[in-house]
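Following: one structure in structure tokens, then a few remarks.
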Amino acid sequence: MTIRVASKKFNFLLISIYLCTYPVLAISPGEAFKDEALEARARSLSMELRCMVCQNQSIDDSDAPLAKDLRMLIREQIKAGKTDDEILVFIEDRYGEFALLKPRFDIKNAPLWALPFLLILAGIFLMRSFFRNAPKN
């Protein structure tokens, strides 16, 4: 009985270690910059971009071939001396705003940003009217 419990704990530990290190495996050693500052900048940019294949992952976390190509594109643009904003605009022009994990705040996205607040206000209004009309005992 105790061997079975120890075995389950060991398996859980192995799975936990694997899951914690899995995103690190998405970046292959050939992609990384030697300079840590440039590598941190490239990783920061790749965390802001959506993987078009996985859609709910950043290209930094994804191991899809397209994500790898985009990571390499970012590194090439950094080597060319482009700023972070220039790189993001380049990717956005090529793939559309959907490529950004965090949509920009502008007039066409205003409903996207306002909807959560409107839903909270509607919920408060409904709860208030529900409790106001509830029979008092």
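Numbering of the sequence shown is given in UniProt numbering, commencing with residue 1 and proceeding in unit increments. The C-beta atom is built at its ideal place from N, Cα and C for all residues, glycine as well. Model, not experiment: these values are computed from the prediction.
So, using beta-carbon positions, are residue i and residue j closer together than 8 Å?
i    : j    : result
A42  : I91  : no
P103 : L115 : no
Kindly indicate the opening and closing residues of the alpha helix (DSSP H) around residue i.
i           : result
R75         : P65 to K79
residue 142 : The question about residue 142 has no answer here: the residues shown for the chain are numbered 1 through 137.
E86         : D84 to Y95
A110        : A110 to N133
Residues in its own chain within less than 6 Å of residue i by CB, not counting five upstream and five downstream?
i    : result
V53  : A64 and L66
N109 : P103
Just tell me which of the options has its CA closest to the CA of residue i.
i   : options                : result
S46 : D35, A110, A37 and R75 : R75
D84 : L49, A134 and K8       : L49
Would you please state the rounded distance, in angstroms, between the beta carbons of residue i and residue j? I believe it to be under 8 Å.
i   : j   : result
L70 : I59 : 5 Å
Could you tell me whether any non-hydrogen atom of the ligand GDP is closer than 7 Å to the CB of residue i?
i   : result
Q55 : As for the ligand GDP, it is missing from this structure, which has no ligand bound.
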